[in-house]
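To keep things clear, I will list the structure first and then write my remarks on it.
Protein chains: 2
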Amino acid sequence: MKTPVNVAVTGAAGQISYSLLFRLASGEVFGNDQPIILRLLEVTPALHRLNGVVMELNDCAYHLLQGIVPTDDALVAFDKVDYVFLVGAKPRGPGMKRNDLLECNAEIFSAQGKALNAVANPNVKVLITGNPANTNALITQRNAPDLDPKCFSAMSMLDHNRGIGLLAEKCNARAEDVRNMIVWGNHSESQYPDLTHATVKGVSALSLVNDEWVANEFVPTVQHRGAKVIEERGGLSSAASAANAAVCQMRSWTIGTAKSDWSDWISMAVISDGSYGIEKGLFYSFPVKVSPEGEVTIIQDLERSEFSRQCMLETEQELKIERDAIAHLL
Amino acid sequence: MKTPVNVAVTGAAGQISYSLLFRLASGEVFGNDQPIILRLLEVTPALHRLNGVVMELNDCAYHLLQGIVPTDDALVAFDKVDYVFLVGAKPRGPGMKRNDLLECNAEIFSAQGKALNAVANPNVKVLITGNPANTNALITQRNAPDLDPKCFSAMSMLDHNRGIGLLAEKCNARAEDVRNMIVWGNHSESQYPDLTHATVKGVSALSLVNDEWVANEFVPTVQHRGAKVIEERGGLSSAASAANAAVCQMRSWTIGTAKSDWSDWISMAVISDGSYGIEKGLFYSFPVKVSPEGEVTIIQDLERSEFSRQCMLETEQELKIERDAIAHLL
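If you read the protein sequences in the order shown, they are chains A and B.
With the numbering used here as the guide, the letters of the first sequence map in order to residues 133 to 462.
With the numbering used here as the guide, the letters of the second sequence map in order to residues 133 to 462.
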């Protein structure tokens, strides 16, 4: 049997983790023959609830789950870790300003970046899900200077999959019929879900839908989908679909896009190398390919309409503002 | 590509279903090459919340999920259905007596039995998870006289897996090292988790632990595990491990025990044929084998200690009392 991999999850007693952990333990991300050890980080007051989750994981008698390490110490959680899901983040409280939210999360993620820098496997893959995910990824990466910046990505696959689902529905097609979706920029309401290169059963999406639907229906629906789900679920957030996106993104990052459900490319927020004129160093969602060895390459030279250029700039601008708000912690 | 199977889930906006649906859609139960259509039943006031779950399922862009039918009409939900998870049940409210609970659930499940009888695929597999699961299975089956009683089972795999997890922990072993666990009887605090035939790495479990631990620790811990998880999770129930057990039981029932993680046998509450002297017609948990075609056989002629006989009788007695309380609905 293979050597177990160490997989850390933060915010492990929260709702997204509750939808994520049981899928990790069943082999969905790392394969049916890959044993795992779950290293579960929570804040001290939530350790009691985390213990309930640990009991439930034990109550599943998973064959692949060879150990569980619940802890409130990031140095323990990240010790020699191969894969990390940074799920835990402070949600926006009543009366909290945007900058307060950025700042208190920046403190959490700078501490976790330092801990990863100190004890993680040098080839670790860190997927940042906790919001504001892109700026949290930036601060985590900047606080882990000994790790390759390519060890970090922020989650775009929830938006990517939302875009596929909506386009498929509009075209009376299935999710598997849709190819070459792109989400550019920030995982926020400024994101730009782009259909320019998308196809449905091999036919250009933009030949099947009109520009007005794209600009006034498709783009804002994807941008505001999270809030709409919360409304329908009576205040509960989109935990299961977020967890599913984390499964998809980490799986594609691990086995490569050719073997994943998205045989073309996926959207992934990675550190910008200046592609498409996006400022270097920002964590920005691009269309990427991943090799079977886990090497991520930004798809180059895609044509962009004036509308696309404008949308891509706006979401870049928001990322710069977020970065500047927490610059003293970088 | 294979023809899609129709899979119905009741209580589809509830917590167990929230942990179950996304695993069904990912292919965990019916296989990575088996498309499915989810038919989701809820009570009318919960259709709004159910719509939020449907949005999230669409937001996953699952390749295997070829349709979703949300409804408050059992005849729509069960139309030509191949697999059914009866998850929804009325929980015990404040001041509610045990017989009130039995009765109001019996009304729900008798109606669902009639609907299954009218419109389900004659080879349907119906897994009853909603509590009191065994008696709910009885009433469902008795209200579906045109269906083979072997189309119905109540869930025992949560208790089975809890037993494996606890024994593995006690013996410093892994879940995969444990074989031949048995849970007898009712999915309630009267159940009897039996280690008589269990082995750990091929060694008899009873040679590794003492009788006192079995009677005073192991048995009561499995029996009361659900309440303990609720306590640790701050009032939230063991939804994810229950959903996992439903995945395990339906998967083993579909592909057979030889191909499942439990290459020996599983525990499954099925209609008694009088095996081990258990009254015919009761839904009682037995150790069973399942053929690759889905045929369930109760393991026969297992030796039983006096302690085992007594425990098996007590849980049978409880099932008779439950049946008698709702006899007018049978």
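In this text, a Cβ means the ideal position worked out from N, Cα and C, and glycines have one as well.
- The beta-carbon separation of H292 (chain A) and S399 (chain A), rounded to 4 angstroms, stays under the 8 angstroms limit for a contact.
- Listed by position along chain B, the residues whose Cβ is nearer than 9 angstroms to that of C443 (chain A) form an empty set, because the closest Cβ is around 21 angstroms away.
- At a cut-off of 8 angstroms, the C-beta of H180 (chain A) has a neighbouring C-beta in chain B.
- In chain B, no part has a C-beta under 9 angstroms from the C-beta of D211 (chain A); the shortest such distance is about 21 angstroms.
- The C-beta of S288 (chain B) comes no closer than 8 angstroms to any C-beta of chain A.
- For S285 (chain B), the enclosing beta strand (DSSP E) begins and ends at 284–286.
- A contact is defined here as three or more CB-CB pairs under 8 angstroms, and the stretch 223–230 of chain A fails this definition with respect to the stretch 145–161 of chain A.
- Excluding five sequence positions before and after A243 (chain A), the CB atoms of its chain that fall closer than 7 angstroms to its own CB belong to A206, given in chain order.
- Taking the C-beta atoms as reference points, E235 (chain A) is found no nearer than 8 angstroms to I387 (chain A).
- Not flagged as an interface residue toward chain A: A247 (chain B), since no C-beta distance is shorter than 8 angstroms.
- Here E411 (chain B) is exposed: its Cβ has fewer than 16 other Cβ atoms, across all protein chains shown, within 10 Å.
- Residue pairing by DSSP puts T331 (chain A) in a beta bridge opposite A:R311, A:S336.
- When the Cα atoms are used, G366 (chain A) and Y324 (chain A) turn out to be separated by approximately 27 angstroms.
- The C-beta distance from H319 (chain B) to S288 (chain B) rounds to 6 angstroms, short enough to meet the 8 angstroms contact threshold.
- A straight-line Cα-Cα distance of about 14 angstroms links D405 (chain A) and F284 (chain A).
- For F154 (chain A), the enclosing alpha helix (DSSP H) begins and ends at 147–157.
- A Cβ-Cβ distance of about 16 angstroms is found for the pair I430 (chain B) and Q273 (chain B), leaving them out of contact under the 8 angstroms criterion.
- Look at the beta carbons and you see the stretch 133–150 of chain B touching the stretch 210–221 of chain B: at least three pairs across the two are nearer than 8 angstroms.
- Nearest to L197 (chain A) by C-alpha distance, out of A:A359, A:T203, A:V186, is A:V186.
- For Y416 (chain A) and E174 (chain A), the gap between their C-alpha atoms comes out near 28 angstroms.
- DSSP lists A:A286, A:S417 as the bridge partner or partners of A401 (chain A).
- Listed in chain order, the non-local C-beta contacts of I362 (chain B) below 6 angstroms within the same chain comprise S369, local neighbours out to five positions each way being set aside.
- Only D191, C192, A193, Y194, H195, Q198 from the stretch 191–221 of chain A bring a Cβ to less than 7 angstroms from some Cβ of chain B.
- Per DSSP, G199 (chain A) is one residue of the beta strand (DSSP E) stretching across 197–203.
- Contact of F154 (chain B) with chain A is assigned, a C-beta pair being separated by under 8 angstroms.
- Between N266 (chain B) and W397 (chain B), the C-beta spacing is not below 8 angstroms.
- Of all residues in the stretch 374–407 of chain A, those with a C-beta nearer than 7 angstroms to a C-beta of chain B are N376, D393, reading in chain order.
- A straight line joining the alpha-carbon of L182 (chain B) with that of A337 (chain B) spans about 45 angstroms.
- Counting only runs that start and end inside the stretch 339–378 of chain B, the alpha helix (DSSP H) elements of at least 4 residues fall at 351–355, 357–364.
- D191 (chain B) places its beta carbon 8 angstroms or farther from that of L434 (chain A).
- DSSP, read as helix, strand or coil, puts R230 (chain A) in helix.
- Taking 8 angstroms as the cut-off, the Cβ atoms of P254 (chain A) and L270 (chain A) do not count as close.
- Using a Cβ-Cβ cut-off of 7 angstroms, E188 (chain A) is close to V361, S370, A372, S373 of chain B, given in chain order.
- The bridge partners DSSP lists for D326 (chain B) are B:I314.
- In this structure, DSSP gives K246 (chain A) a helical state, which the three-state scheme calls helix.
- Less than 8 angstroms divides the Cβ of V213 (chain B) from the Cβ of V256 (chain B).
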